[in-house]
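Here's the structure we're looking at; comments come further down.
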Amino acid sequence: MTNTEEAERSDITFKIIVVGEVGVGKTSLVRRITRDVFNSVYKPTIGVDFCITDVLYQGKVLLELQLWDIGGQERFGNMTKLFYRDAAAAFVVCDSTRPQTLSAAIKWKNDIDDKAELSPGRLLPCFLLYNKCDSDELIHSDEELAMFCSENGFIGCYKTSAVTRMGVEDLELGIVTYLMNMPQPEPEVLEPEVDLISLSTTQCYKRKSSSCCGSACEQPRRLKTYGQEL
Ligand SMILES: Nc1nc2c(ncn2[C@@H]2O[C@H](COP(=O)(O)OP(=O)(O)O)[C@@H](O)[C@H]2O)c(=O)[nH]1
Ligand SMILES: [Mg+2]
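Structural data, given as structure tokens:
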């Protein structure tokens with residue numbers, strides 16, 4: 251079954267925060283992932299913007315990915331804790347042609363570790379995106395990047411290009427598979443509601459609401475299909 255009409259829309263929404271220094275390509279990657287477009291006109295992101303994409307997982311579960319594109323200068327402000335709230339994972343982006351943006355990835359990772367937790371004691375999973383790999387000036391080898399990730403607590407690295415789409419599909423498949431297979435903490439149980447007519451009790455759980463796109467997304471939402479059909 252691959253037809254979206256037959257697929258069940260689940261309540262599953264994953265928020266992914268996208269951070270990194272100014273100009274590394276966060277906004278371009280978010281647009282490439284969610285809208286499959288690239289715009290070379292540079293407009294710095296002020297504060298935060300977000301885009302949503304629908305993903306069909308294993309041919310039957312329709313879920314939503316929210317990508318929160320956080321302006322690079324925000325690391326120096328007090329708002330990141332708020333932006334990181336309820337995130338399921340982080341993309342820490344660096345520019346393959348500017349080595350200082352890789353060092354800055356460690357500072358972003360530290361900021362996330364300080365301010366975001368999945369649940370007490372569980373760090374947010376961070377993926378390094380080594381962007382602008384369409385350039386001839388790649389500075390780091392795959393071995394160096396793997397070493398960097400294991401030394402600094404990143405789950406893994408994807409070499410990407412928002413211009414050519416290089417690595418983008420692998421990244422999407424990788425993150426959806428990772429998140430769908432990640433052990434979930436126990437759901438928070440709220441006070442039971444009493445149904446006076448049937449006199450039965452109902453447990454209800456917090457549901458995340460889905461919201462519409464931020465100003466960066468003028469294009470219609472795209473649907474992607476991932477995972478082997480069951
Ligand atoms: N060559 C190349 N340029 C890119 C790529 N991604 C973004 N850029 C360019 O890098 C600049 C900054 O991109 P932007 O997405 O605004 O970066 P942000 O500040 O991290 O959001 C823009 O001029 C983009 O056109 C890429 O993958 N390859
Ligand atoms: Mg931006």
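Going by the numbering used here, the sequence shown opens with residue 251, and the numbers climb by one from there. Each residue gets a CB set at the ideal place from its N, CA and C atoms; glycine is no exception.
With respect to 6 Å, is the separation between the Cβ of residue i and the closest non-hydrogen atom of ligand 2 below this value?
i, result
"Lys-276", "yes"
"Thr-410", "no"
"Thr-295", "yes"
For residue i, does the three-state DSSP call read helix, strand or coil?
i, result
"Asn-381", "strand"
"Val-418", "helix"
"Val-268", "strand"
"Glu-393", "helix"
"Gln-292", "Reading off the sequence shown, one finds Tyr at residue 292, where the question assumed Gln. Note: Tyr-292 maps to coil in three-state DSSP."
"Lys-474", "strand"
"Phe-404", "coil"
"Thr-277", "helix"
"Leu-429", "helix"
"Tyr-310", "First, the residue type needs correcting, since residue 310 is Lys and not Tyr in the sequence shown. Three-state result, Lys-310: coil."
"Asp-304", "strand"
"Cys-454", "Here Cys-454 scores only 25 on pLDDT, less than 50, and its place in the model is too uncertain to base an answer on."
"Thr-284", "helix"
"Leu-388", "coil"
"Leu-368", "strand"
"Leu-423", "helix"
"Asp-445", "Bear in mind that a pLDDT of 45 at Asp-445, under 50, signals an unreliable position, so the model cannot answer this."
At a threshold of 6 Å, does residue i count as lining ligand 1 (C-beta to nearest heavy atom)?
i, result
"Tyr-292", "yes"
"Ala-396", "no"
"Lys-382", "yes"
"Val-272", "yes"
"Val-305", "no"
"Val-413", "yes"
Nearest CA to the CA of residue i: which residue from the options?
i, options, result
"Ile-217", "Ile-296, Val-291 and Asp-286", "With the chain running from 251 to 480 in the structure shown, residue 217 is simply not present."
"Ser-260", "Leu-312, Thr-284 and Asp-364", "Leu-312"
"Val-268", "Leu-368, Met-416 and Val-298", "Val-298"
"Gly-403", "Gly-321, Ala-340, Asp-319 and Val-418", "Ala-340"
"Lys-474", "Leu-423, Cys-344 and Gln-434", "Leu-423"
"Leu-378", "Leu-368, Glu-367 and Asp-345", "Asp-345"
"Ile-238", "Val-305, Phe-398, Gln-308 and Tyr-428", "Residue 238 is absent from the structure shown; the chain starts at 251 and stops at 480."
"Ser-278", "Pro-433, Lys-382, Glu-393 and Cys-407", "Lys-382"
"Ala-396", "Glu-387, Ser-385 and Tyr-380", "Tyr-380"
"Arg-415", "Leu-317, Asp-304, Gly-275 and Phe-264", "Gly-275"
"Ile-296", "Thr-410, Asp-361 and Gly-321", "Gly-321"
"Val-413", "Arg-282, Val-272 and Leu-332", "Arg-282"
"Asn-369", "Asp-336, Asp-304 and Glu-394", "Rather than Asn, the amino acid found at residue 369 in this sequence is Ser. Measuring from the Cα of Ser-369, the nearest candidate turns out to be Asp-336."
Secondary structure, alpha helix (DSSP H): runs of 4+ residues fully inside the stretch 321-354:
330-334
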